[in-house]
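Novice: Chains as they are written, first to last, in this note's numbering: chain A, 4 to 494; chain B, -4 to 342. Ideal placement from N, C-alpha and C gives every residue a C-beta, glycine not left out.
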């Protein structure tokens, strides 16, 4: 005892150097700590490197022991991995977040109106705001749901909009995810871990809470349920324990207090969905499904699907069932539709977009295609139907051969590709084997919509743990951080 | 609750009970076979017989190996191919728990996950090699911890009742199997004449289910094979007696069924009621007159039948909104329970 007065000889941030030409979340270009990060940096520095490291180990072992894993057991051997977690939080000041929140609400609203329109009157196509063939030719466009109005008119109950910050520090949209965005369970678990590992730092920092998410989601789902109150029921539909996101499915069901079901637990009778329970059949009128559209109902989509429920789409078409998210949303988060979202916002809402986005070349357009083929070495090229950092070429880092192969693929199927300039993603101080260093991050906020829209303060900050890497996906060496949206200062 | 989840609760506890029961049998047999002089064939083989795996064991071993204590213990403890081994039972328990993480308490999951991680560690193997008593003891203790943690951390509602239903049915069957070990090693019992080996065996049987002190607490009981059998079959207050567990089965079933009038679970209820009535009519005189082996075989078969009825009624019900509508479709076997076929003693 009494040794706490001794200065720790292993400082954390003293040697920290932001990357030139890149926005750093904690330090400005002159190396000064940003005002919003000042308190946290000071408190962490006060702990010292050795203490920090021991708390990092505590966090890792806690995640493993409680089975908070991202890639679950592929066999009975029980191999499991944790989603690497970095203890230095990413901090967003209140004012900045306000703007982001407004931008996200606006964007989700527009995407929702777009989906209602595309599966309804198709006004936006008639007025040629978006080329018809781009929309109707998108792999996510689902003719089978044309004319179906989902309960409450909501298509995007849960949206995950990926944001990045370029060199100027402004948040811009990189990608929309309005099918089954995942990762929110890590936001909640990361927060729990920070409170456990750094209770003092946390208490001093006035951070907005995230714990209400499952309740907000439950409320939103309940408000869209079409059944009368005495026979309604909500459930989470999972592909099963071998799915890599199973932990999250189970987590959300537990935290919402609703059953977690598999396709074989459900059946359709008289165009209504039921769960088999120990007390007999029980009506389900809202399904938060974590199964992709093609697997939902073998009567309508893939006939070989054993994950779904035969007849599900009949219940949906009759308005007896709300599916979250709605069927057919893939047309809205298609990477080739993304460049048109600002136009959607103007068209449906008569507003200017609050959030900017990354300039995008759509290879389906001849001019864009020609430009992309001429500049493969400078661009980030993405297949429109891939996710998880796959099907992507980062031109500046690719070999000549890789570029040539990719150009060939683009020529063969232009509709399937888009290209963007490489953005110098912002960095955040991150613990590495060589001390604290800058690593690139993105941010996935979660937006929940029922009768109203709720934006979870913060979201999942993903970090590319490999030095120099721009890829934050967990499948490609990414980790995560807790995201601290600070409370506004009382005025 | 969701039928499949109820099934996983039920199987989770059945597998845990198998783990504990077999660990006890193996641990007790270690010292029992030191106390008596029995031919090699009678020392360890009976344990394989009562776990229902004799045919499988014979097909995987040579004549010489079959009576080798090490081979038998290896098979019953570690074999991944033996669905009744400790290893397989523990894996079954953990797999079922993992598919219902939203239902079991976090504390239960941690106990079970830790035990599984330990079982697969080199440390467990070292303890097994060095101090086998301690190895089986640790398994038993962790299993007891699991039950205590469940009691203290689960909501006492349907999922917990289905777990306890699984424990009760498995225990009734396991106690019956245990009573059959002697039949397979020494032969039928003649209550009029007991050899020292038989007396030692009965004592071991009691020890296998922590029954020695409970038995002695009934102060006027003379120690004999008949008294031990009577205790393990009919003592209503003993947590591992057949009668106790059949009655608990009835009680848990009443708790998980909807209020009357209902058709849900009727077949299970009627079967349990009839089995219990038949069992309660028995007394130890009649049991020995008609053969202990015959009665315990009946208990094992009956508990297996009840499990099937519970499975059909609760875990894999036909997709009917109203019970009077169209006939059920053919049902696929439940994956969680597919690995086990411990439903018959071998004769």
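Compare the C-alpha of residue 249/A against each of 389/A, 334/A and 293/A and name the closest.
Specialist: As a working note, residue 249/A is residue 246 in the first chain. Taking only the C-alpha atoms, the option nearest residue 249/A is 293/A.
Novice: Could you please give me the residues that DSSP links to residue 457/A through a beta bridge?
Specialist: Counting from 1 along the first chain, the entry for residue 457/A is found at position 454. 451/A.
Novice: Any C-beta of chain A sitting closer than 8 Å to the C-beta of residue 314/B?
Specialist: Counting from 1 along the second chain, the entry for residue 314/B is found at position 319. Residue 314/B counts as touching chain A.
Novice: Is the shortest distance between the beta-carbon of residue 279/B and the beta-carbons of chain A less than 8 Å?
Specialist: Taking the second chain and counting its residues from 1, one reaches residue 279/B at position 284. Chain A places no beta carbon closer than 8 Å to that of residue 279/B, leaving this residue out of the contacts.
Novice: Buried or exposed for residue 491/A, going by 16 or more other Cβ atoms inside 10 Å?
Specialist: If you number the first chain from 1, residue 491/A lands on position 488. Exposed is the call here.
Novice: Please report the straight-line C-alpha distance between residue 22/B and residue 139/B, rounded to a whole angstrom.
Specialist: Sequence index remark: in the second chain, residue 22/B carries index 27 (1-based). Sequence index remark: in the second chain, residue 139/B carries index 144 (1-based). Taking the CA atoms as reference points, residue 22/B sits about 15 Å from residue 139/B.
Novice: Buried or exposed: which applies to residue 213/A, given that a residue is buried once 16 or more other Cβ atoms fall within 10 Å of its Cβ?
Specialist: Within the first chain, numbered from 1, the residue matching residue 213/A stands at position 210. So residue 213/A counts as buried.
Novice: Just to make sure I have the definition right: I need the residues of chain A whose C-beta is within less than 7 Å of the C-beta of residue 309/B. Which are they?
Specialist: Stepping through the second chain from its first residue, residue 309/B is reached at position 314. Per Cβ cutoff of 7 Å: 281.
Novice: I'd like the span of the beta strand (DSSP E) that includes residue 338/A, first residue to last.
Specialist: For the purposes of this step, residue 338/A is taken as residue 335 along the first chain, with counting starting at 1. Note, residue 338/A: premise wrong, no beta strand (DSSP E); not H, not E.
Novice: If you follow the alpha helix (DSSP H) that residue 350/A is in, where does it begin and where does it stop?
Specialist: Translated into positions along the first chain, residue 350/A becomes position 347. Boundaries of the alpha helix (DSSP H) around residue 350/A: 344 to 352.
Novice: Just the C-alpha distance for residue 255/A and residue 431/A, rounded to the nearest angstrom, thanks.
Specialist: Your numbering for residue 255/A matches position 252 in the first chain. Your numbering for residue 431/A matches position 428 in the first chain. So the two alpha carbons sit approximately 29 Å from each other.
Novice: Sorted by chain position, which residues of the same chain lie with C-beta nearer than 8 Å to residue 55/A's C-beta, five sequence neighbours on each side aside?
Specialist: Locating residue 55/A in the first chain gives position 52, counting from the first residue. The answer, listed in chain order, is 15, 47, 90 and 434.
Novice: Give me, in chain order, the residues of the same chain whose beta-carbon lies closer than 8 Å to that of residue 98/A; leave out the 5 immediate sequence neighbours on both sides.
Specialist: To locate residue 98/A, count along the first chain from 1; it is residue 95. Cβ within range, chain order: 491.
Novice: Is residue 285/B buried or exposed, if buried means 16 or more other CB atoms sit within 10 Å of its CB?
Specialist: The residue given as residue 285/B occupies position 290 in the second chain. Residue 285/B comes out exposed.
Novice: Using a Cβ cut-off of 9 Å, which residues of the stretch 59 to 79 of chain B contact any Cβ in chain A, in chain order?
Specialist: 75
Novice: Against chain B, which members of the stretch 422 to 449 of chain A pass a CB distance test of less than 7 Å?
Specialist: Considering only beta carbons, no part of the stretch 422 to 449 of chain A lies closer than 7 Å to chain B.
Novice: Can you name, in chain order, every residue of its own chain whose Cβ lies under 8 Å from the Cβ of residue 226/A, other than the five neighbours on each side?
Specialist: Position 223 of the first chain, counting from 1, holds the residue named residue 226/A. For residue 226/A, where only same-chain residues beyond five positions count, the Cβ hits under 8 Å are 155, 453 and 454.
Novice: Which two residues bound the contiguous alpha helix (DSSP H) that contains residue 484/A?
Specialist: Counting from one through the first chain, the residue named residue 484/A turns up at place 481. No alpha helix (DSSP H) holds residue 484/A; the beta strand (DSSP E) holding it covers 481 to 488.
Novice: Can you tell me where the alpha helix (DSSP H) holding residue 4/B begins and where it ends?
Specialist: Here residue 4/B corresponds to residue number 9 of the second chain, with the count starting at 1. Here the alpha helix (DSSP H) through residue 4/B covers -2 to 30.
Novice: Helix, strand or coil for residue 36/A per DSSP?
Specialist: Here residue 36/A corresponds to residue number 33 of the first chain, with the count starting at 1. Three-state result, residue 36/A: strand.
Novice: Pull up the distance between the alpha-carbon of residue 62/A and that of residue 237/B, whole angstroms please.
Specialist: Position 59 of the first chain holds residue 62/A. Position 242 of the second chain holds residue 237/B. For residue 62/A and residue 237/B, the distance between alpha carbons rounds to 47 Å.
Novice: By how many angstroms is the C-alpha of residue 113/B removed from the C-alpha of residue 107/B?
Specialist: Translated into the one-based positions of the second chain, residue 107/B becomes position 112. Translated into the one-based positions of the second chain, residue 113/B becomes position 118. C-alpha separation (whole angstroms): 10 Å.
Novice: What is the DSSP secondary structure of residue 133/B, reduced to helix, strand or coil?
Specialist: Working through the second chain from its first residue, we reach residue 133/B at position 138. Residue 133/B: helix per DSSP, three-state reduction.
Novice: In this structure, does DSSP put residue 73/B in helix, strand or coil?
Specialist: For this step, residue 73/B is matched to residue 78 along the second chain. Here residue 73/B carries a coil assignment [DSSP, helix/strand/coil].
Novice: Against residue 263/A, what residues of chain B qualify as contacts under a CB-to-CB distance less than 7 Å, listed in chain order?
Specialist: The residue given as residue 263/A occupies position 260 in the first chain. Under the 7 Å cutoff, chain B gives 97.
Novice: Tell me the rounded alpha-carbon separation between residue 1/B and residue 308/B.
Specialist: Taking the second chain and counting its residues from 1, one reaches residue 1/B at position 6. Taking the second chain and counting its residues from 1, one reaches residue 308/B at position 313. Their Cα atoms are separated by approximately 11 Å.
Novice: I need the boundaries of the beta strand (DSSP E) containing residue 434/A, first residue and last residue.
Specialist: For the purposes of this step, residue 434/A is taken as the residue at position 431 of the first chain. Counting along the chain, the beta strand (DSSP E) containing residue 434/A begins and ends at 430 to 435.
Novice: Give me the chain A residues within the contact set of residue 149/B, using Cβ-Cβ distance strictly less than 8 Å, ordered along the chain.
Specialist: Numbered from its first residue, the second chain carries residue 149/B at position 154. Per Cβ cutoff of 8 Å: no residues; residue 149/B is ~13 Å from chain A at best.
Novice: Please classify residue 23/A: does DSSP put it in a helix, a strand, or coil?
Specialist: For the purposes of this step, residue 23/A is identified with residue 20 of the first chain, where counting begins at 1. Correct three-state label for residue 23/A: coil.
Novice: Grouping DSSP H, G and I as helix and E and B as strand, with all else coil, what is residue 178/A?
Specialist: Locating residue 178/A in the first chain gives position 175, where the first residue counts as 1. The answer is strand: DSSP assigns residue 178/A an E or B state.
Novice: Any idea which residues DSSP pairs residue 229/B with across the strands?
Specialist: Locating residue 229/B in the second chain gives position 234, where the first residue counts as 1. DSSP lists no partner for residue 229/B.
Novice: Just to make sure I have the definition right: I need the residues of chain A whose C-beta is within less than 7 Å of the C-beta of residue 380/B. Which are they?
Specialist: The structure shown has nothing for residue 380/B, since chain B only spans -4 to 342.
Novice: Against residue 153/B, what residues of chain A qualify as contacts under a CB-to-CB distance less than 8 Å, listed in chain order?
Specialist: Here residue 153/B refers to the residue found at position 158 when the second chain is read from its first residue. Per Cβ cutoff of 8 Å: 281.
Novice: If distances are taken between C-alpha atoms only, which option among 64/A, 125/A and 140/A comes closest to residue 340/A?
Specialist: In the first chain, the residue the question calls residue 340/A occupies position 337. It is 140/A.
Novice: If you pair each beta-carbon of the stretch 287 to 301 of chain B with each one of the stretch 164 to 175 of chain B, do three or more pairs fall below 8 Å?
Specialist: The stretch 287 to 301 of chain B vs the stretch 164 to 175 of chain B: in contact.
Novice: Taking the alpha-carbon positions, what's the residue 207/A to residue 439/A distance?
Specialist: By 1-based counting over the first chain, the position of residue 207/A is 204. By 1-based counting over the first chain, the position of residue 439/A is 436. Straight-line Cα distance between these residues: approximately 22 Å.
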